[in-house]
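Inspection log for the structure reproduced underneath, given as structure tokens.
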Amino acid sequence: MKHVGARHRPIDWDQRSSGKVVYSGDLALPGMLDCAMLRSPHSHARILSIDTSQAAMMPGVKAVACVTDFAPGARYIHEGERDRAPFADQVVRFIGQEVAAVAADTRAQAQAAIRAIKVVYEPIDAPLNVDESLGGPYQSLHERPTHEPNVSRRVLREWGDFAAGLASSALSVGGKFRTQRQAHVCMETLITIAHWREDEKRLHVWTSTQAPYFIVKEVSQLLGLEKEQVVCHEVGVGGGFGAKSKICDVEAIVGLLSRKCGRPVRMRLVREEEFETTKTRHPFHINLKIHADRDGLLQAIEGDIKVDNGAFNHSGASVMGAGIKGLGMMYRPQGLKVAGALVDTAITPGGQYRGYGTTQTSFALESLVDELAEKLKIDPIELRLRNANQPGDVTLVGARLRTAGLAACLRKARDEIGWISEKASRKPGRGVGVAAAVHTSGSFTEPGSNRSDAAIDVYPDGHVRVRFGGADAGTGQRTIMAQIAADILGVAFERVEVLTMESDRTPFDMGSWSSRGTHFAGHAVRVCATETADRLKAIAAGQIGGSDLRLADGCVVNDAGLSMPLGDAARLSNEAVEGVLSVETSYVDPHMEPADKVTGRGNVSASYNFGVHAAIVEVDRRTGAVKVIDYVAVHDVGQPINPTLVEGQTIGGVAMGIGLALGEELIHEQGKMVNPAYINYAMPRAADLPRIRPYTVGDSDPNGPFGAKAIGECSINPPAATIANAVYDAIGVRIKDLPITPDKILDALAEKESRIRRFPIWNRPSRWWIELVRRFYGMGLLKILHTRNTIAVATVDPAPMESVLRPQKLTDAVASLSPDILPLGGGTDLNLQRRMRMIEPRALVAMKTVPELSGITRTPEYIEVGAATTLAKLQRALGADLPVLSEAIATIANPQVREMATVAGNLAQAKRCWFYRSGFNCYKRAGGLAPCYAIEGDHRFYHAAIDGHRCQATTPSDLATVLTALDAEAMIVGKIDDRIVPMSSFYTGPGETVLRNDEIIRAIRISASASQRTGAFSKLRLWEGDFAIVSCAISASIDSSGVWRDVRIVLGGVAPIPWRARASEARLEGRKPSWNYTRGALELELEAHAHPLKRNGWKIEAAIGVVEQAFALTQARSSAPRNLMAAE
Amino acid sequence: MAEFRLRVNGQDAVVDVPPATPLLHALRDELGLRGTKESCGRGECGACTVLVDGAPLLSCVLLVDETVGEIRTIEGIAEENLDLREMFADSGAFQCGFCTPGQITRASALLQEDWPKDDKSIDSFVRLAMSGNICRCTGYSGIIDAIIATARRRGKIPGHNR
């Protein structure tokens, strides 16, 4: 084999790396319409009426559709009861559910028409989480066969001999684990184009999918068409991860609109819509217990799992089942008994997601295996080795393991991470962890899922085309198909092209999901290429004779060395059409069997792949921050067909798994998603990850194509437990509730060490009223004040603007300002504010073109920074002299933003409260009696713990924190007069400033004396470029003997405005402060001033930690010689 | 609607769009340069990165009205960055490919910047510099490797290719 096993570049690397791959959003069909969706603003409501008549008459509108345009009772086919209609049918069950849609000449016209659709809702109480669904007085979301309120499905799995397992056990460990709602975050938002051709009576569809088969199946049945009438076309697929394993929720709607008007129709989800309305990973509540004997051999597993289904079934029951199956595939206990309940909640439904339930249950299992190891004083890897699955095992769920490389994975991980030396050298705050996982290579979930077909065309010029019905969402399936075909047909890799997704030209395949891509595409192409080769050999034999014919170098060659080009052989075939020989074959896997309907057992996959991950983490006990230092991922994938692609799937899965472990979580409040944006979603950026080191071990699996097993999903299963186990190893606290964010670490540490920090307010009358209102919120005031629906921000494009003025003089710039003509800096926040409907300016005034606003001036007295200076330029100009400023700028957003964003724009950016920004009609948006959603909502990270008042937001600018510490002044110019405002009084509230709407900042001035002080900046955040959870800037004159004067300690992110620890500053003044002394002063001051919300008291603890970091840096710097302005 | 004169990939271009149109939409919809992608439209992910006078900027929040200078998009830089693209292909630096034009464009600017001399800090230098470009598929290792390998090949940093 020349190509199989080689590190071939992806088949279309040139196009993919040069922007030439055509994704559905890159298509522009003649006459194409755009469309917009009307979505439910309610979590749960009856639809009393929908009136689309006015919308239908709006300019540019070509089609309007709602539930009555589908056949009565039309429902998606997903497992179990068909519970979801393409448009809400009489009842809406989550905020964002599709209610109606419009196609129009332009997007703006479609959006305008959406606003003209009149829907009358009658709200119903909505259970918004598992506890409310099971315990509350809420009306059921659906009638379910269980007849239990909001329980969609119950399952009880008993495999093996559970009683015998218990009887053999000597000890057990157990715990309650929770996993969160995770978004797939495909980089391409879902874009679907459909075109009904009346002349053909067929619907053409271009959509980003992992499974054209299911698009055709669902769209045809929903629109009452034959399958042959729906044709999928090949497009680039910008990520899948399970999100596109089945139909999403727009394809049929777009098809319907096109059918109504006969024009091509395009639906583009915006990023916020993608986050809010597409399916997510199902959150699990897992109560798990494992039983073992004294030698650490696992004997029995028992558990109770509640799965948060969201508003509709989709794959909920099967994800729950797969999660339990994952427990029944791992290790060798005698028995398992696990009960599961699938619970309906009025939230965006869960769906397929890489790992598919196993990710969730393996987090619990692998955390407990470590607890067991600790209890037995056995090394965690040794304990797993004792329990490792062996080739030939039949696991509890009935998986027949031909190969099982778990033990080899464990040993390799142990060696590569340096387990033994890491365990031997106990460094404070540093820990090492391990976890293992198993996954199938495809599974027999429904008729046809054990089969895959392929076709091969051999052209007269000798080039080859593979046709395959699945879709490659980036995993490299097309590349390995070309590798296999090239080997078997003896042609150059470059002479193979691959066509996928074209549903009327590619044969049957169910798509890329359940880690089935390599297994099925590999076998299907292997079988087809072999058949093609045989036919070519037979033809050539008649021409060139000889024996031992083989295919090589584009020819059929015989033992005498005579050869015939493939194209010639193809042409001579009596099956050839226009010289092209086409061969189509079918592969039916002989090893897989469907799970037994009653017991759920069965050998559902042909091969099983194992993985073991090990990580080293450092946990900062001061701030709760977790840093992954090293990460090793070892997988038993059989014989890799393309090692580079295997590594890609491994590292990608690890990255997504580390996101799950340490930050990613979709958060809801009152049923509405709070954080539908990259900037509010703590997924890893490049600097958040270490170099992840992938390895493969294990034996070639006879059941796999060329010995290969899967990798796509297994790699996401171990990271959560790996990190949790490493964190436990580092600091002795076990976090069972994902993600492992700093708040949970600090709270757990405080609990473990029985530390309670109190923030008395009895002596602070100014806080009494606020405390009282907060308590009323918890007692139901929020529900009373929550009278207005959230706004669907971003799904409506910003209002058009008259102009962007580009004045050349400062006086002109200022003269043009008015309440609805706003200054424009870099636009990185202002344009976002427009998108989030926070502002609707009539015009903008570009400040970057005004010469007086740019440039940096130094005089003996001060440094003056023009307001329109970009952050990048400021850092380049002053970074070396003012490390405190440079440190802060380096943490702001990312390099591109820093190239654009201006100093004034950064200082004047609006508050980043995610309730306010995401369209909650809060007090700051709606005024009056509107509530603050942060009081009861998730305020752990980005809300005030000091001085919170009516609004709990903070001032987000890191520059503000530093400039306050540097005693900087804002030089303000206005229409009427100019003024100078110190930074310490520049803010009047969270992200609110003294600037009137006819004023702008001209420059920021830092005095020479302040700029010569020593200082440092430190910041706690969830991801690289995030806003401050807590930040600290310190600035002080430190003389050669170490005495501090002019001390400034400023905290960002903890109060509505940059908060000076004035009492602490005073106590440090004129002293040589130790950290202990400083800490004492700070604790006293913070305890006297803080008034945290329910869940952000930890920020005070973290603030002390962040100050400690800045303090240490400042001390270190003070002894270093400084050259700032020495020459001036 | 208003007319804006742009200079894109070495050519003069005129776009007729409403005021305050993001440069990205002008490039994609008016000039047909669809290699540059929109992933968030909010200036948060780097998929829409283009170069303006060599600086990597986010074309989804950069308004066409205030775009001054020579714009270069993936279409304009692909050829001269063939070595970088080959390294991307060899290192597993893309899977779905949607963020790739932005990654390549950002990386091409990074390869023009000053690099640290200290070998140990190179990985973190590149990771920080690339943190404005989200990738969901690769876990970044391939991207970082490809950029560092290209820098070595171009003599930005000493040492051999990996």
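Here the protein sequences come in this chain order: E and L.
The first sequence lines up with residues 83 to 1210 when you count with my numbering.
The second sequence lines up with residues 1066 to 1227 when you count with my numbering.
We put the beta carbon where it would ideally sit given N, CA and C, even for glycine.
Phe1153 (chain L) reaches chain E at Ser99, counting residues in chain order whose Cβ is nearer than 7 Å. Excluding residues up to 5 positions away in sequence, Leu380, Asn469, Asn471 lie with their Cβ nearer than 7 Å to the Cβ of Tyr413 (chain E) in the same chain. Note that the C-beta distance between Ser100 (chain E) and Gly1167 (chain L) is not below 8 Å. With the rule of 3 Cβ pairs closer than 8 Å, the stretch 155-171 of chain E counts as touching the stretch 395-407 of chain E. Contacts with chain L (Cβ-Cβ distance below 7 Å) from the stretch 189-221 of chain E involve no residue at all. From the listed residues E:Glu504, E:Leu478, E:Glu464, E:Lys505, the smallest Cα separation to Arg493 (chain E) is found for E:Glu464.
Ranked by Cα distance from Ala127 (chain E), the options E:Glu270, E:Ile429, E:Thr188 are led by E:Ile429. Residue pairing of Trp241 (chain E) in beta bridges, as defined by DSSP: E:Leu418. Within chain L, the residues Pro1083, Pro1084, Ala1085 have their CB atoms less than 8 Å from the CB of Met883 (chain E), given in chain order. Here the alpha carbons of Pro346 (chain E) and Pro112 (chain E) stand approximately 8 Å from one another. For Met1152 (chain L), the enclosing alpha helix (DSSP H) has its first and last residue at 1147-1156. A Cβ-Cβ contact shorter than 8 Å links Val146 (chain E) with Ala138 (chain E). Approximately 11 Å separates the beta-carbon atoms of Val1044 (chain E) and Ser1100 (chain E); this is outside 8 Å, ruling out the contact.
By the neighbour-count criterion, in which 16 or more other beta carbons inside 10 Å mark a residue as buried, Thr271 (chain E) falls on the buried side. Residue burial is scored here from C-beta neighbours: Pro1140 (chain E) has at least 16 other C-beta atoms within 10 angstroms and is therefore classed as buried. Per the coordinates, the alpha-carbon of Pro589 (chain E) lies some 38 Å from the alpha-carbon of Pro758 (chain E). Runs of beta strand (DSSP E) with 3 or more residues, each lying fully within the stretch 372-455 of chain E, are found at 380-392, 417-426, listed in chain order. Phe692 (chain E) sits in a strand when the DSSP states are folded into three classes.
For Ile1212 (chain L), no CB of chain E lies under 8 Å from its own CB, so it is not counted at the interface with that chain. When the Cα atoms are used, Gly753 (chain E) and Pro1083 (chain L) turn out to be separated by approximately 36 Å. For the stretch 1112-1145 of chain L, the residues whose beta carbon sits under 7 Å from a beta carbon of chain E are, in order, Ala1112, Thr1114, Ala1120, Pro1121, Leu1122, Leu1123, Val1126, Leu1127, Leu1128, Asp1130, Glu1131, Ile1139, Glu1140, Ala1143. Along the length of the stretch 279-308 of chain E, whole alpha helix (DSSP H) runs at least 4 residues long occupy 294-305, reported in chain order. For Trp95 (chain E), at least one C-beta of chain L is nearer than 8 Å to its own C-beta. Taken in chain order, the whole beta strand (DSSP E) runs of length 3 or more contained in the stretch 1101-1180 of chain E are 1112-1120, 1126-1134. Contacts with chain L at 8 Å (Cβ-Cβ) include Ala555 (chain E).
C-alpha of Glu1144 (chain L) to C-alpha of His90 (chain E): approximately 21 Å in a straight line.
Of the candidates E:Pro821, E:Leu828, E:Ile971, E:Leu828 places its Cα closest to the Cα of Val815 (chain E).
Look at Gly1220 (chain L): its C-beta is not under 8 Å from any C-beta on chain E.
Taking a 10 Å sphere around the C-beta of Val173 (chain E), we find 16 or more other C-beta atoms and assign the residue as buried.
With contact defined as three or more Cβ pairs closer than 8 Å, the stretch 782-795 of chain E and the stretch 717-728 of chain E are in contact.
By the Cβ test, the stretch 368-387 of chain E is not in contact with the stretch 902-912 of chain E, since fewer than three Cβ pairs between them sit closer than 8 Å. With a threshold of 8 Å between beta carbons, Gly1106 (chain L) makes contact with chain E.
Comparing alpha-carbon positions, the option among E:Tyr810, E:Leu633, E:Arg888 lying closest to Val1133 (chain L) turns out to be E:Arg888. Counting only runs of 3+ residues, the beta strand (DSSP E) found wholly inside the stretch 1098-1182 of chain L occupies 1114-1117, 1120-1123, 1135-1137, in chain order. By the neighbour-count criterion, in which 16 or more other beta carbons inside 10 Å mark a residue as buried, Val202 (chain E) falls on the exposed side. Between the alpha carbons of Ala245 (chain E) and Ile372 (chain E) lies a gap of roughly 13 Å.
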